[in-house]
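Quick notes on the structure that follows.
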Amino acid sequence: MPTEFISVTFPNASTEIAPIPGAGIDPEFLVRYAKNLDDYGFNYTLVPYGSDSYDPFTIGATIAAVTKNVSVIIALRPNTLYPTVAAKALATLDQLSKGRVVVHFIAGGSDAEQAKEGDFLSKDERYGRLEDYIKILRRAWESDAPFDWDSKYYTFKGFTNKVRPTKGTIPVSVGGSSDEAYRIGGSLADIFGLWGEPLKETKEQIDRIYGEAEKAGRKDRPRIWVTFRPIIAETDELA
Numbered sequence: 232m233p234t235e236f237i238s239v240t241f242p243n244a245s246t247e248i249a250p251i252p253g254a255g256i257d258p259e260f261l262v263r264y265a266k267n268l269d270d271y272g273f274n275y276t277l278v279p280y281g282s283d284s285y286d287p288f289t290i291g292a293t294i295a296a297v298t299k300n301v302s303v304i305i306a307l308r309p310n311t312l313y314p315t316v317a318a319k320a321l322a323t324l325d326q327l328s329k330g331r332v333v334v335h336f337i338a339g340g341s342d343a344e345q346a347k348e349g350d351f352l353s354k355d356e357r358y359g360r361l362e363d364y365i366k367i368l369r370r371a372w373e374s375d376a377p378f379d380w381d382s383k384y385y386t387f388k389g390f391t392n393k394v395r396p397t398k399g400t401i402p403v404s405v406g407g408s409s410d411e412a413y414r415i416g417g418s419l420a421d422i423f424g425l426w427g428e429p430l431k432e433t434k435e436q437i438d439r440i441y442g443e444a445e446k447a448g449r450k451d452r453p454r455i456w457v458t459f460r461p462i463i464a465e466t467d468e469l470a
C-alpha cells in the first residue's frame, strides 16, 4: 500500500505553540512554505477552514501558482458556498494547477461554529446536505448535460457546467466519526480522513468505512488519510 505525505498550510508563521497575536497573511512565508513542500516531496497540503479563517481558494491558488507537484486540498463547508458555484470554483483551480486539487468536506461538528455563519441545521441534516452536495458536484463535473435538482437542501433548474476538471473529476475527501460520516464517506468519498488514534480504534474505524463502501455496492474503497502531530527533536529523549 503506497504512503503519501500531507501537510497543513497556514498563511503565516503563527502556531499553537508560538502564536503571533494579530498576525495577517505573510506572502513571503506562504510562498516559501509552499515551495519547501514541493522540494521535500510532500504529496498534498491542506488549506484549512474555520469561520475566522482566510479564504482557502485564494490561499490554494497562491500555493498552486508557486509549486509544480504538491496537490492542494481545499477545506470546504457546504453552508459557505452553493454547490454549483463550488463545482466551478474547484474546477477553475484544478485547471490552473493542472489537476492538483482535492476537496475536503467539513459537514460541521460544532453547532456554535456553524451558527457563526448562519447555519442552523442539525448535525444529521448537515450530513444530509453534504450527501446532496457531493452528488451535485460529481454530476456537474462528469456530465455537460443540463440537469435539475430538487431536494430538501437544494433546488435549481437547467444547470450546465462548462468548467470541467482537468482529469474529468476531482477527488472528494470526507471526515468525521459519526454513523452518518461513515455512511457518506464510505459510499461516496474517494478519501476518508481520520485523526491519529491507537491502532485498534483506527482499524475499527477503517473497517466501518470499508463496510459502508461494500453496502453501497462499491467495487473500490476510499483511501485513508490520518492526521498526526509528531513531536520532533534531535533525540527521542528530547522529544
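Under this note's numbering, think of the first position of the sequence shown as 232, with each following residue one higher.
From the three backbone atoms N, C-alpha and C, an ideal C-beta is built for every residue, glycine too.
Does DSSP put G416 in a helix, in a strand, or in coil?
-> Residue state, collapsed to three classes: helix.
If you run the structure through DSSP and keep just helix, strand and coil, what is L368?
-> L368 falls in the helix class under three-state DSSP.
Mapping DSSP to helix, strand and coil, what is R460?
-> Of the three classes helix, strand and coil, the one that applies to R460 here is coil, per DSSP.
What residue range is occupied by the uninterrupted alpha helix (DSSP H) comprising I305?
-> No alpha helix (DSSP H) contains I305, which is instead part of the beta strand (DSSP E) from S302 to L307.
Taking C-beta to C-beta, are L327 and A306 nearer than 7 Å?
-> Going by C-beta atoms, L327 is not nearer than 7 Å to A306.
Take K398 as the anchor and find which of A412, S382 and S374 has the nearest alpha-carbon.
-> Answer by Cα proximity: S374.
Of the choices I365, K431, R395 and T246, whose alpha-carbon is the least far from that of T323?
-> Of the listed residues, the one whose Cα sits closest to T323 is R395.
How would you write the range of the alpha helix (DSSP H) that D286 sits in, first residue to last?
-> Premise fails: D286 is in no alpha helix (DSSP H) and is neither H nor E.
Whole-angstrom Cβ separation of G442 and G417, contact assumed at under 8 Å?
-> Going by Cβ atoms, the distance from G442 to G417 rounds to 7 Å, so yes, they are a contact pair.
Would the beta-carbon of G424 fall within 7 Å of that of W456?
-> It is a contact, given that the beta carbons lie within the stated cut-off.
Have a look at P258, F236, I237 and Y384 and flag the residue whose alpha-carbon is nearest the alpha-carbon of A244.
-> When P258, F236, I237 and Y384 are compared, the shortest CA-CA separation from A244 is found for P258.
Can the beta-carbon of A404 be found less than 7 Å from the beta-carbon of I415?
-> It should be pointed out that residue 404 corresponds to Ser in this sequence rather than to Ala. Going by C-beta atoms, S404 is not nearer than 7 Å to I415.
What residue ranges within the stretch 391-460 form continuous alpha helix (DSSP H) runs of no fewer than 4 residues, ordered along the chain?
-> The stretch 391-460 contains these whole alpha helix (DSSP H) runs: 410-419 and 430-446.
Going along the chain, which residues of its own chain have a beta-carbon closer than 8 Å to the beta-carbon of T400, five neighbours each way excluded?
-> Contacts found: R369, W372 and E373.
Alpha-carbon to alpha-carbon, N267 and G291 = So the alpha carbons of these two residues sit roughly 15 Å apart.
Report, in whole angstroms, the separation of the C-beta atoms of A346 and G407, which I expect to be a contact under 8 Å.
-> So it is not a contact: roughly 19 Å between Cβ atoms.
May I ask which residues mark the beginning and end of the alpha helix (DSSP H) holding Y264?
-> First-last of the alpha helix (DSSP H) with Y264: P258 to D270.
Within 10 angstroms of its Cβ, does F387 collect 16 or more other Cβ (buried), or is it exposed?
-> With fewer than 16 other Cβ atoms within 10 Å, it is exposed.
Quick one: grab the DSSP three-state call for T475.
-> Because the chain spans 232 through 470 in this model, residue 475 falls outside it and cannot be assessed.
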